[in-house]
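Trainee: First the structure, which I've put down as structure tokens, then a few questions once you've had a look.
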Amino acid sequence: MPRRRLPIYLPALLLLIVAVGWCIFWWVASSRLEASVDHWLQREAAAGRIYDCGSRDVGGFPFRLEIDCLKPVATLPADGGSINLSAERLVAVAQIYRPTHVIGQFEGPLTASYPDLPQATAEWSFAGASFSGNSERLENVSLVVDGLSLKTAQTQEPIVTTTKLEAHARPTPEAGAGAYDLIARMDEAAIPFVNDLLGSAAPTDLELQASIRGLDSIAGATTAERLQAFAASGGNLRIALARLARGDVALQSVGQLMLDDSGRPTGELDVTVRGAEKLASFAPSLGDLGPLAGAGIKLLGQKTTLDGESARRFDVRLEDGVIRLGGLPVGPVPSLY
Numbered sequence: 414m415p416r417r418r419l420p421i422y423l424p425a426l427l428l429l430i431v432a433v434g435w436c437i438f439w440w441v442a443s444s445r446l447e448a449s450v451d452h453w454l455q456r457e458a459a460a461g462r463i464y465d466c467g468s469r470d471v472g473g474f475p476f477r478l479e480i481d482c483l484k485p486v487a488t489l490p491a492d493g494g495s496i497n498l499s500a501e502r503l504v505a506v507a508q509i510y511r512p513t514h515v516i517g518q519f520e521g522p523l524t525a526s527y528p529d530l531p532q533a534t535a536e537w538s539f540a541g542a543s544f545s546g547n548s549e550r551l552e553n554v555s556l557v558v559d560g561l562s563l564k565t566a567q568t569q570e571p572i573v574t575t576t577k578l579e580a581h582a583r584p585t586p587e588a589g590a591g592a593y594d595l596i597a598r599m600d601e602a603a604i605p606f607v608n609d610l611l612g613s614a615a616p617t618d619l620e621l622q623a624s625i626r627g628l629d630s631i632a633g634a635t636t637a638e639r640l641q642a643f644a645a646s647g648g649n650l651r652i653a654l655a656r657l658a659r660g661d662v663a664l665q666s667v668g669q670l671m672l673d674d675s676g677r678p679t680g681e682l683d684v685t686v687r688g689a690e691k692l693a694s695f696a697p698s699l700g701d702l703g704p705l706a707g708a709g710i711k712l713l714g715q716k717t718t719l720d721g722e723s724a725r726r727f728d729v730r731l732e733d734g735v736i737r738l739g740g741l742p743v744g745p746v747p748s749l750y
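For any residue, its number in the working numbering is found by taking its place in the sequence shown, counting from 1, and adding 413.
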């Protein structure tokens with residue numbers, strides 16, 4: 414090539430070198446991704462959690478890393494058998510310059526089966542998740558589901574519907590291993606069983622903001638053994654906000670819960686209720702006692718406000734297997750194992 418023509422071809426030559434180099438870089442990154450996924454699947458399988466795809470492809474060239482899993486299935490160990498899950502498709506995507514941040518999207522329906530229980534099916538208009546971290550440490554994980562509908566093989570109508578479900582988790586800053594912050598909410602949830610019990614079809618909004626400590630201590634082959642280990646380590650759930658709003662009634666709570674030596678929840682909750690008298694009086698299951706129960710609830714609480722409206726505040730304690738409302742025993746607390 415004549416020297417005087419080299420400047421003419423130099424930009425194209427450099428571009429070709431960059432393109433070839435990028436192709437090699439993407440191929441190496443995608444190969445490492447597949448190897449990492451295989452390693453994670455093997456590690457999970459050793460722990461009894463089996464995940465698989467009907468077919469799995471890696472793509473996303475040139476700027477993304479994408480795993481397309483058709484017909485994903487999972488088998489998870491549980492007391493008395495295994496939980497079997499299956500869906501239509503899972504697509505997980507990460508930018509090649511930020512491989513530790515993964516965004517996933519699910520296509521349903523999702524089916525779940527467990528021995529001696531009817532099969533459950535979940536459908537949605539959108540379901541997505543995101544994960545930041547690596548195989549050794551979680552930074553945060555999120556789940557968003559729109560238009561969720563849950564049915565069982567024994568029901569023609571959904572047993573739960575909600576316009577939006579969100580859940581987020583991250584390690585609690587400066588709290589050590591096994592501590593996580595949790596946020597979850599459901600908007601306009603409809604649960605026919607609850608509607609029948611309360612005699613009202615009003616949609617329900619639910620929200621939880623909490624932190625849990627002691628998850629790193631959970632070990633054992635059964636749920637009972639894992640809960641026992643959690644209790645023995647002093648694990649606890651700190652509730653910054655637990656809220657339920659349904660029609661004219663709203664309930665909001667803060668507090669802390671643990672497990673005692675017998676596996677019973679124990680702790681204190683500060684509960685504020687708007688429409689406390691209606692909480693009992695509109696429940697048909699109480700019959701003629703509904704209005705009386707509502708009046709009793711109203712008398713036990715201290716006057717306060719919630720959402721700018723009149724409300725009642727209650728001190729709720731769970732101790733020695735008994736629920737106490739303002740010092741009065743109102744019912745037993747069952748053991749969780």
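Idealized CB from N, CA, C, for every residue including glycine.
Go to Gln-622, then tell me how far its beta strand (DSSP E) extends in each direction, as first and last residue.
Mentor: Residue 622 sits at position 209 when you count from the first residue of the sequence shown. 617-626 is the span of the beta strand (DSSP E), which, as asked, contains Gln-622.
Trainee: Tell whether a beta-carbon distance below 8 Å holds between Leu-682 and Leu-640.
Mentor: By 1-based counting over the sequence shown, the position of residue 682 is 269. By 1-based counting over the sequence shown, the position of residue 640 is 227. Result no, Cβ atoms of Leu-682 and Leu-640 do not sit closer than 8 Å.
Trainee: Identify every residue that forms a DSSP beta bridge with Asn-497.
Mentor: Walking along the sequence shown from the start, residue 497 turns up at place 84. Paired residue(s): Thr-488, Ser-526.
Trainee: Counting only the same chain and skipping the five closest in sequence on each side, list residues whose C-beta sits under 6 Å from that of Leu-657.
Mentor: The sequence position of residue 657 within the sequence shown is 244, counting from 1. For Leu-657, where only same-chain residues beyond five positions count, the Cβ hits under 6 Å are Leu-619, Leu-664.
Trainee: Take Leu-702 and list the residues in its own chain whose beta-carbon comes closer than 6 Å to its own, dropping the five residues that flank it on each side.
Mentor: Working through the sequence shown from its first residue, we reach residue 702 at position 289. The predicted position of Leu-702 is uncertain, since its pLDDT is 47 and thus under 50; a value taken from the coordinates is nonetheless stated next. For Leu-702, where only same-chain residues beyond five positions count, there are no Cβ hits under 6 Å.
Trainee: In the segment 432-494, which residue ranges form an unbroken beta strand (DSSP E) of at least 3 residues, counting only runs that do not cross its ends?
Mentor: Listed in chain order, the complete beta strand (DSSP E) runs (minimum 3 residues) inside the segment 432-494 are 463-465, 468-472, 477-483, 486-491.
Trainee: How many angstroms separate the CA atom of Gln-715 from the CA atom of Gly-688?
Mentor: Indexing the sequence shown from 1 puts residue 715 at position 302. Indexing the sequence shown from 1 puts residue 688 at position 275. Each residue's Cα considered, the two are about 13 Å apart.
Trainee: Using the rule of at least 16 other Cβ atoms within 10 Å of the residue's Cβ for burial, across every protein chain shown, is Phe-438 buried or exposed?
Mentor: The residue given as residue 438 occupies position 25 in the sequence shown. Flag for Phe-438 reads exposed.
Trainee: For Ser-675, which of Val-746, Ala-425, Thr-568, Arg-477 has the nearest alpha-carbon?
Mentor: Your numbering for residue 675 matches position 262 in the sequence shown. It is Val-746.
Trainee: Is the segment 447-463 touching the segment 477-494 in the sense that three or more CB pairs, one from each, lie closer than 8 Å?
Mentor: Verdict: yes, contact present.
Trainee: Quick one: residues in its chain with C-beta nearer than 8 Å to the C-beta of Leu-670, no 5 flanking neighbours on either side, listed in chain order?
Mentor: As a working note, residue 670 is residue 257 in the sequence shown. Excluding residues within five positions, the ones whose Cβ falls inside 8 Å are Asn-649, Leu-650, Ile-652, Pro-678, Thr-679, Gly-680, Leu-682, Leu-731.
Trainee: CB-CB under 8 Å to Ile-625, same chain, minus the five flanking residues each way: which ones, in chain order?
Mentor: Walking along the sequence shown from the start, residue 625 turns up at place 212. Excluding residues within five positions, the ones whose Cβ falls inside 8 Å are Ala-592, Tyr-593, Leu-595, Gly-648, Asn-649, Leu-650, Arg-651.
Trainee: In chain order, what residues of the same chain lie with their CB nearer than 7 Å to the CB of Pro-563, ignoring the 5 residues before and after it?
Mentor: Start at 1 with the first residue of the sequence shown, and residue 563 comes out as number 150. The residue you asked about is not Pro; residue 563 is Leu in the sequence shown. Closer than 7 Å at Cβ, skipping near neighbours: Ala-533, Ala-535, Pro-571, Ile-572, Val-573.
Trainee: In terms of residues, what are the limits of the beta strand (DSSP E) holding Leu-664?
Mentor: To locate residue 664, count along the sequence shown from 1; it is residue 251. Counting along the chain, the beta strand (DSSP E) containing Leu-664 begins and ends at 662-672.
Trainee: Which residues mark the beginning and the end of the beta strand (DSSP E) in which Thr-718 is found?
Mentor: Counted from its first residue, the sequence shown places residue 718 at position 305. Residues 715-719.
Trainee: Would you kindly check if the distance between the Cβ of Asn-497 and the Cβ of Ser-526 is under 8 Å?
Mentor: As a first step, residue 526 must be located in the sequence shown, where it is residue number 113. As a first step, residue 497 must be located in the sequence shown, where it is residue number 84. In contact: Ser-526 and Asn-497 (Cβ atoms closer than 8 Å).
Trainee: Suppose you measure from the CA of Val-558 to the CA of Ile-480; what does that come to, to the nearest Å?
Mentor: The residue you call residue 558 lines up with position 145 of the sequence shown. The residue you call residue 480 lines up with position 67 of the sequence shown. About 20 Å.
Trainee: In the DSSP assignment, the alpha helix (DSSP H) including Arg-639 goes from what residue to what residue?
Mentor: What you label residue 639 is simply residue 226 of the sequence shown in a count that begins at 1. Where Arg-639 is concerned, the enclosing alpha helix (DSSP H) stretches over 636-645.
Trainee: Quick check: the Cα distance between Arg-636 and Ile-509, rounded to an integer number of angstroms?
Mentor: The residue given as residue 636 occupies position 223 in the sequence shown. The residue given as residue 509 occupies position 96 in the sequence shown. First, the residue type needs correcting, since residue 636 is Thr and not Arg in the sequence shown. Answer to the nearest angstrom: the Cα atoms are 39 Å apart.
Trainee: Would Ala-602 pass as a contact of Thr-575 if the rule is Cβ separation under 8 Å?
Mentor: Position 189 of the sequence shown, counting from 1, holds the residue named residue 602. Position 162 of the sequence shown, counting from 1, holds the residue named residue 575. Contact: yes.
Trainee: Starting from Pro-742, trace the beta strand (DSSP E) both ways and give me its first and last residue.
Mentor: Against the sequence shown, residue 742 aligns to sequence position 329. Counting along the chain, the beta strand (DSSP E) containing Pro-742 begins and ends at 741-745.
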